[in-house]
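Each position in the sequence shown, counted from 1, maps to that position plus 251 in this note's numbering.
Glycine included, every Cβ here is placed at the ideal spot set by N, Cα and C.
Following: one structure in structure tokens, then a few remarks.
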Amino acid sequence: MNGRTPQQLKSLLENRFNPSELRQLAFALDIDHEDLEGNTKPVFILSLIGYAQRHDLIESLSELAKKRESVQH
């Protein structure tokens, strides 16, 4: 996973993305954010990562997060 563990991806998403940006990540991966659990940011992130793992999208999520992170900073 691009040298990034799920725990590292979770940390990146928690520290660098707000809830709106997380929903945008889901949208970019064609994931309906309403299919994801979580009324709080940490639970939403866990749900997003879990969904990505189950649907073979974890590499895409990691790459997209990395790209958006580099644009933000």
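Beta carbon of residue i nearer than 8 Å to that of residue j
i	j	result
leucine 312	leucine 273	no
serine 298	glutamate 310	no
arginine 267	glutamate 320	yes
Burial state of residue i, where buried means 16 or more other Cβ atoms lie within 10 Å
i	result
phenylalanine 278	exposed
For residue i, three-class secondary structure by DSSP
i	result
leucine 299	helix
leucine 280	coil
Cβ-based neighbour list, residue i, same chain, cut-off 7 Å, excluding 5 preceding and 5 following
i	result
glycine 301	none
alanine 316	Leu260, Leu263, Leu264 and Leu276
isoleucine 282	Tyr302
Residues near residue i in its chain [Cβ-Cβ closer than 8 Å; skip 5 each side]
i	result
isoleucine 296	Lys261, Leu264, Glu265, Leu273 and Gly289
proline 270	Lys292 and Phe295
leucine 308	Leu280, Ile282 and Tyr302
Close Cβ partners of residue i (< 6 Å) along its chain, the five nearest in sequence each way excluded
i	result
proline 235	Given a span of 252 to 324 for the chain in the structure shown, any question on residue 235 remains unanswerable.
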